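What follows is a set of notes on a single structure, which appears directly below.
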Amino acid sequence: MSTETAIRARGIRKSYGDLEVLRGVDLDVASGSIVALLGSNGAGKTTLVRILSTLLTADEGTATVHGFDVGTAPADVRRSISLTGQFAAVDEMLTGRENLVLVARLRHLRTPGAIADDLLARFSLTDAGPRRAATYSGGMRRRLDIAMSLIGDPPVIFLDEPTTGLDPQARIEVWDAVKDLARGGTTVLLTTQYLDEAEQLADRIAILHRGTIVQHGTLAELKRLLPPTEVVHVEKQPTLEEVFLSLVGPVPHHEESS
Amino acid sequence: MTAYALADTRALTGRSLRHILRSPDTVVTTAITPIALMLLFVYVLGGAIDTGSGGSYVDYLLPGILLVTIASGVAYTSYRLFLDLKGGIVERFRSMPIARSSVLWAHVLTSVVANLASVAVVVAVALAMGFRTGASVGAWLAVVGILALFTLALTWLAVIAGLSAKSVDGASAFSYPLIFLPFVSSAFVPTDSMPGPMAWFAEHQPVTSIVDTLRALFAGQPVGGGIWVALGWLVGILVLGHVLAVATYRKRIG
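Taken in order, these protein sequences are the chains called A and B. Mind the numbering: the first sequence is residues -16 to 241 in our numbering, read in order. Mind the numbering: the second sequence is residues 630 to 883 in our numbering, read in order.
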C-alpha cells in the first residue's frame, strides 16, 4: 500500500495578480499515510489544498489525486476526496445528525440515517446528535466536521488547519480522530502552522515556504538536517525571584516545597 | 453528475426549508412591512384616493402589496446565500460530487415556498380588512402562478446580489429599489393621476402590467392583452437573472 501514491503534484504554480503564492510545488503523498504540510500564515498551504481538492485551478503544473487528474477529471477527484476547511463548515441551523444525513444523501448513499448514527457514536456525539450544531463547543463542531468528511469513506482526506482556534482539550480530541483515520488506511494531507501538531500526527512532514516545498521527510530525517546535539554551558543569571528571596530571607514553607 | 441533479436539489432544498421552519420569524418579518403599508394606505390615505374603479380601496391595493411582500422577501435569499458562502459550507458542497446547479436551485425553490407563505399571511390580513374577490379557482391558480413567477424572477436577482455582496448589509440592500418600484406604478394610485413623464414611466415599467393583471383576475374580469406584457416582463427578467446569476456563480466560485 505504502508504495502507491495517493497525491502527486508537479510544478504547481498559482498567482493572484502580482502575488505569486505557489512557485512550483512538487509533492508526493503515499497511500495510507498522514502528511503534514507545515508553513507559516500566508505560505500558500490553503491555496495548495484548494487546488488539490478542485476548488481552484492552478496556473501551471499538474496534480493527480487517487490517480485522477484534478484538471481533466475533477468529478472523479471529488468522488475520491473530502475536504475539511479552515472554519468548521457545519450547518448551525441543523442538528448534528441532520448535518451527517445531509452529506450522506449528497453522496448518494443508501442508508443515510444508519451512517449518521454510526458516525455520531464513533465521534462521541450520540448525546449531542439531536441538538443544533449552533450549540456545540469548538471541539464538538470540529469533530462533527471531520465526521462529515468521513461519509462515503473517501480514500483521501484534506484537513486544512484542523485545530486552529481550538482549546488544548479540543485539539487532543481532534488529534485522536485523525490518528483513528490513519489506522483505517485513509490518506490524510493536513495543513498546520503548529510544529507540535505535525510532530504528533504526521508520518512525513513537508515544509512549504515562500511558495515551494523546501523540505520533505520524516521527523527523524528533518532532525538530521541540523547539526548533532551539542552540550552548551550557559552562565545562569539570578532571577528576580532569587534576588527577592535572598533579600527578604527564606519563606517558611520554601524548604518543604523545593 | 446530472443524473443526481434532482436528488441533490431535493436534499439541499430540504436543508434550507428546515432553516425557514426553524426561523419562522423570517416569514412573519417579510409580511409585517406590507401589512403596515396596507393598514396605512387603507385607513389613513385611502379615503382621499380616487381609484375610479368603484370597488373598495383594499381590493385595489392588494395586488401591489403582494408584490411589495415578495420584493422584500427575496432579500432573505441573498442573506442566506451570503452566509453559506461565508461559512464555508458552499466550499464543502463544491468539493463533493454533487450537481453544481443544485446549490443555487435549492435556495431559489426555498425562496418560492417562503414567499408564498408570506403572501398567504398578507392575504389573510387583507381578508380580515374587508378584501373580497369573486375569483374562480382558475383565476386563483393564475394569481399564484404569476406570483410564483414574480418570486422566481426576483430571486435570481437576489442570487446575483448574494453572490457579489461583500457584507451582510450589501447582500440585502439590492431589494430597496425593488420595493420602491410598485409605488411608481398603478399599484397605489391610477397612473393617469401622475404628471406626464412619471405617468409614462409608470405605464411602461413591469409592475403596472403585473398589478393590472392580478387586479383583473381578483375582480373576475377579462385580463386582456396586459397579461402577455406581464408574462413577457416576468419571463424576460427570469431568463436574464438566471443567466447572470449562473455566470456570477462561475466567476465567483469557479
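Positions of the beta carbon are idealized from the N, C-alpha and C atoms, including for glycine. As the structure is a prediction and not an experimental result, all values here were calculated from the model.
C-beta atoms of residue i and residue j nearer than 8 Å
{"i": "leucine 31 of chain A", "j": "isoleucine -5 of chain A", "result": "yes"}
{"i": "valine 139 of chain A", "j": "histidine 199 of chain A", "result": "no"}
{"i": "arginine 125 of chain A", "j": "valine 157 of chain A", "result": "yes"}
{"i": "leucine 873 of chain B", "j": "threonine 739 of chain B", "result": "no"}
{"i": "proline 170 of chain A", "j": "glycine 15 of chain A", "result": "Checking the displayed sequence, the identity of residue 170 of chain A turns out to be threonine instead of proline. A contact, by the Cβ cut-off of 8 Å."}
{"i": "aspartate 74 of chain A", "j": "arginine 644 of chain B", "result": "yes"}
{"i": "arginine 114 of chain A", "j": "threonine 78 of chain A", "result": "yes"}
{"i": "leucine 191 of chain A", "j": "glycine 0 of chain A", "result": "no"}
{"i": "glycine 763 of chain B", "j": "glycine 849 of chain B", "result": "yes"}
{"i": "alanine 165 of chain A", "j": "isoleucine 17 of chain A", "result": "yes"}
{"i": "threonine 820 of chain B", "j": "glutamate 832 of chain B", "result": "yes"}
{"i": "valine 687 of chain B", "j": "phenylalanine 760 of chain B", "result": "yes"}
{"i": "threonine 222 of chain A", "j": "glutamate 180 of chain A", "result": "no"}
{"i": "valine 818 of chain B", "j": "phenylalanine 830 of chain B", "result": "no"}
{"i": "valine 750 of chain B", "j": "methionine 667 of chain B", "result": "no"}
Identity of the residue in the options nearest residue i by Cα
{"i": "threonine 29 of chain A", "options": "A:Gly68, A:Asp186 and A:Leu10", "result": "A:Gly68"}
{"i": "leucine 178 of chain A", "options": "A:Val226, A:Glu3, A:Thr195 and A:Leu20", "result": "A:Leu20"}
{"i": "leucine 776 of chain B", "options": "B:Val751, B:Ala660, B:Met667 and B:Leu695", "result": "B:Leu695"}
{"i": "leucine 691 of chain B", "options": "B:Ala859, B:Val657, B:Leu860 and B:Pro811", "result": "B:Pro811"}
{"i": "leucine 783 of chain B", "options": "B:Gly799, B:Tyr805, B:Ala876 and B:Val813", "result": "B:Tyr805"}
{"i": "serine 801 of chain B", "options": "B:Gly676, B:Asp679 and B:Ala704", "result": "B:Ala704"}
{"i": "valine 12 of chain A", "options": "A:Leu173, A:Thr109, A:Leu5 and A:Gly44", "result": "A:Leu173"}
{"i": "glutamine 834 of chain B", "options": "B:Pro851, B:Ala790, B:Gly865 and B:Leu846", "result": "B:Gly865"}
{"i": "valine 8 of chain A", "options": "A:Met131, A:Ala46 and A:Pro95", "result": "A:Ala46"}
{"i": "valine 836 of chain B", "options": "B:Ser796, B:Ala859, B:Leu846 and B:Ala768", "result": "B:Ala859"}
{"i": "aspartate 42 of chain A", "options": "A:Arg61, A:Glu3, A:Val86 and A:Ser36", "result": "A:Glu3"}
Cβ-based burial, residue i [other Cβ within 10 Å; buried from 16]
{"i": "lysine -3 of chain A", "result": "buried"}
{"i": "asparagine 24 of chain A", "result": "exposed"}
{"i": "valine 215 of chain A", "result": "exposed"}
{"i": "tyrosine 689 of chain B", "result": "buried"}
{"i": "glycine 774 of chain B", "result": "exposed"}
{"i": "phenylalanine 227 of chain A", "result": "exposed"}
{"i": "phenylalanine 809 of chain B", "result": "exposed"}
{"i": "arginine 881 of chain B", "result": "exposed"}
{"i": "histidine 237 of chain A", "result": "At histidine 237 of chain A, the pLDDT of 45 sits below 50, so the modelled position is not reliable and the matter cannot be decided from this model."}
{"i": "glycine 884 of chain B", "result": "Since the first and last residues shown for chain B are 630 and 883, residue 884 of chain B lies out of range."}
{"i": "tryptophan 857 of chain B", "result": "exposed"}
{"i": "serine 229 of chain A", "result": "exposed"}
{"i": "glutamate 144 of chain A", "result": "buried"}
{"i": "methionine -16 of chain A", "result": "Confidence at methionine -16 of chain A is low in this model, with a pLDDT of 39, below 50, so its placement is unreliable and the value that follows should be read with caution. Exposed, because fewer than 16 other Cβ atoms sit within 10 Å of the Cβ of methionine -16 of chain A."}
{"i": "arginine 93 of chain A", "result": "exposed"}
{"i": "glutamate 81 of chain A", "result": "buried"}
{"i": "serine 241 of chain A", "result": "For serine 241 of chain A, the pLDDT reaches just 40, beneath the cut-off of 50, and the residue's location in the model is therefore unreliable, although a value from the coordinates is still provided. That one is exposed."}
{"i": "threonine 118 of chain A", "result": "exposed"}
Contact test: residue i Cβ vs the ligand ZN heavy atom, cutoff 7 Å
{"i": "serine 14 of chain A", "result": "As far as ligands go, the structure on display features none, and thus does not contain the ligand ZN."}
Please give the ranges of any alpha helix (DSSP H) in the segment 651 to 710 of chain B, keeping only runs that are unbroken, at least 4 residues long and fully inside the region. Secondary structure in the segment 651 to 710 of chain B: the alpha helix (DSSP H) runs of 4 residues or longer, each lying completely within the stretch, are 654 to 669 and 686 to 702 in chain order.
Cβ-based contacts, 9 Å cut-off: residues of the segment 37 to 53 of chain A near chain B: Residues Thr37, Leu38, Leu39 and Thr40.
Enumerate, from N- to C-terminal direction, the unbroken beta strand (DSSP E) stretches of 3 or more residues contained entirely within the segment 97 to 159 of chain A. The qualifying runs are 139 to 143.
Could you please tell me which residues of the segment 101 to 118 of chain A, in chain order, have their CB closer than 7 Å to any CB of chain B? Within the segment 101 to 118 of chain A, no residue qualifies.
Taking only beta carbons into account, state which residues of the segment 119 to 137 of chain A come closer than 7 Å to chain B, listed in chain order. Those residues of the segment 119 to 137 of chain A that come within reach of chain B (Cβ to Cβ, closer than 7 Å) do not exist; the list is empty.
The segment 78 to 104 of chain A: which residues have C-beta closer than 8 Å to a C-beta of chain B, in chain order? Taking 8 Å as the Cβ-Cβ cut-off against chain B, the residues of the segment 78 to 104 of chain A that qualify are Glu81, Leu85, Val86, Arg88, Leu89, Arg90 and His91.
Return the residues of the segment 706 to 718 of chain B that lie within a Cβ-Cβ distance of less than 8 Å from chain A, sorted by chain order. Cβ contacts with chain A come from Gly716, Gly717 and Ile718.
Any C-beta of chain B within less than 9 Å: which residues of the segment 136 to 169 of chain A qualify? If the cut-off is 9 Å between Cβ atoms, the segment 136 to 169 of chain A has Phe141 near chain B.
Give me the subset of the segment 721 to 745 of chain B whose CB atoms are less than 9 Å from a CB atom of chain A, sorted by chain position. So the list reads Arg721, Phe722, Arg723, Ser724, Met725, Pro726, Ile727 and Ser731, given in the order they occur along the chain.
Can you give me, in chain order, the residues of the segment 650 to 678 of chain B that have a beta carbon less than 8 Å from any beta carbon in chain A? Flagged, chain order: Arg651 and Ser652.
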